[in-house]
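Respectively, the protein sequence lines represent chains A and B. Under the numbering used here, the first residue of the first sequence is numbered 1, with each subsequent residue one higher. Under the numbering used here, the first residue of the second sequence is numbered 1001, with each subsequent residue one higher. Report on the structure given below.
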Amino acid sequence: GAVVSQHPSRVICKSGTSVKIECRSLDFQATTMFWYRQFPKQSLMLMATSNEGSKATYEQGVEKDKFLINHASLTLSTLTVTSAHPEDSSFYICSATVGARQALLFGQGTRLTVV
Amino acid sequence: GIQVEQSPPDLILQEGANSTLRCNFSDSVNNLQWFHQNPWGQLINLFYIPSGTKQNGRLSATTVATERYSLLYISSSQTTDSGVYFCAVERGNTPLVFGKGTRLSVIA
């Protein structure tokens, strides 16, 4: 069945480095994927909508140059956190809609820690 | 934009008990979904339910679109039901808007 696979599940990086998170749709094609950020004990905050073959649409307040999104194929979207700082530490989750009824499926999430 | 309110914010249940979670929204919607986030962070889609009633095992959901609310029923709760339950709605062609969730703890 349709699955959204996200990798890595956990990553620790040093301040100033960049981290890439991959989100893949398995057994279905996703022209649109969504990237969320979640702080501890809080709800999901939409960061951007990733569109295959075109530029991502970022939500207000999300830095485009900090969070680079690439959706190069119908099954892969990537989020790169550039020049990471400790305040970028968070839980990042990708998702995609499946089927005509647009049910939303989520990846496993990536817990990023910047030290 | 549309507002989504979930209640209660926190809930503690004894194993075997039943519960009802509520989601109120401020405007008409064309999409409403319920999700469960387990303690490890994985979000699972429980129901796509813009209107009507659906059941899946011990879980069922009802959305009364005209009155702008949805209910999620959990019967015979188990410890594995613990986690956070989110309601999310969509109006028009905009991305889903999530509520703040209900944090459920089921104790043995």
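Ideal Cβ positions, reconstructed from N, Cα and C, are used throughout, including at glycine. Quantities reported herein were computed from a predicted structural model and do not represent experimental measurements.
Run down chain A in chain order and give the residues with a C-beta less than 8 angstroms from the C-beta of residue i.
i: B:PRO1095; result: PHE34, LEU46, THR49
i: B:GLN1033; result: ALA103, LEU104
So which residues on chain B does residue i lean against when the C-beta distance must stay under 8 angstroms?
i: A:SER43; result: PHE1086, PHE1098, GLY1099, LYS1100, GLY1101
i: A:GLY1; result: Here the premise fails: no neighbours, minimum Cβ distance about 12 angstroms.
i: A:PHE91; result: GLY1041
DSSP three-state call for residue i: helix, strand or coil?
i: A:GLU87; result: helix
i: B:ALA1108; result: coil
i: B:THR1066; result: helix
i: B:THR1080; result: helix
i: B:TYR1004; result: The amino acid occupying residue 1004 of chain B in the given sequence is Val; Tyr does not appear at that position. Three-state result, B:VAL1004: strand.
i: B:ASP1010; result: strand
i: A:ALA2; result: coil
i: B:ALA1017; result: coil
i: A:LEU68; result: strand
i: B:TRP1034; result: strand
i: B:THR1058; result: A quick correction: the sequence has Arg, not Thr, at residue 1058 of chain B. Three-state result, B:ARG1058: coil.
i: A:ILE93; result: strand
i: B:ILE1049; result: coil
i: B:LEU1072; result: strand
i: B:ASN1024; result: strand
i: A:LYS14; result: coil
i: B:VAL1029; result: coil
i: A:LEU74; result: coil
i: A:SER25; result: strand
i: B:THR1094; result: coil
i: A:LYS20; result: strand
i: A:VAL115; result: coil
i: A:THR110; result: strand
Do you know how far the Cα of residue j is from the Cα of residue i?
i: B:ASN1024; j: A:LEU76; result: 34 angstroms
i: B:LEU1021; j: A:THR17; result: 42 angstroms
i: A:VAL11; j: B:ASN1018; result: 38 angstroms
i: A:VAL81; j: A:ASP65; result: 9 angstroms
i: A:ALA103; j: B:SER1076; result: 26 angstroms
i: B:LYS1054; j: B:VAL1084; result: 20 angstroms
i: B:LEU1059; j: A:LYS14; result: 43 angstroms
i: A:ARG24; j: A:TYR92; result: 14 angstroms
i: A:VAL62; j: B:ILE1012; result: 35 angstroms
i: B:THR1079; j: B:ILE1049; result: 25 angstroms
i: B:LEU1046; j: B:ASP1027; result: 22 angstroms
i: B:GLN1042; j: B:PRO1095; result: 20 angstroms
i: A:ASP88; j: B:ALA1088; result: 25 angstroms
i: A:ASN51; j: B:LEU1032; result: 22 angstroms
i: B:TYR1069; j: B:THR1062; result: 9 angstroms
i: A:PRO86; j: A:VAL114; result: 5 angstroms
i: B:GLY1092; j: B:ILE1107; result: 40 angstroms
i: A:PHE34; j: A:HIS71; result: 11 angstroms
Could you list which residues in chain B have their beta carbon closer than 9 angstroms to that of residue i, in chain order?
i: A:PHE39; result: Simply none; closest approach about 12 angstroms.
Shorter than 9 angstroms from the beta carbon of residue i to some beta carbon of chain D?
i: A:SER83; result: Annotation note: the requested chain D is absent from the structure, which comprises protein chains A and B.
*Which residue spans inside the segment 27-66 of chain A form an unbroken beta strand (DSSP E) run of at least 3?*
32-38, 44-51
*asked:* Please list, in chain order, the residues of the segment 7-21 of chain A that have any C-beta partner in chain B closer than 7 angstroms.
replied: none
*Please list the residues of the segment 1025-1054 of chain B that have a C-beta atom closer than 7 angstroms to any C-beta atom in chain A, keeping them in chain order.*
ASN1031, GLN1033, GLY1041, GLN1042, LEU1043, ASN1045, TYR1048
_For the segment 49-73 of chain A, list every residue whose C-beta sits within 7 angstroms of some C-beta in chain B, in sequence order._
THR49
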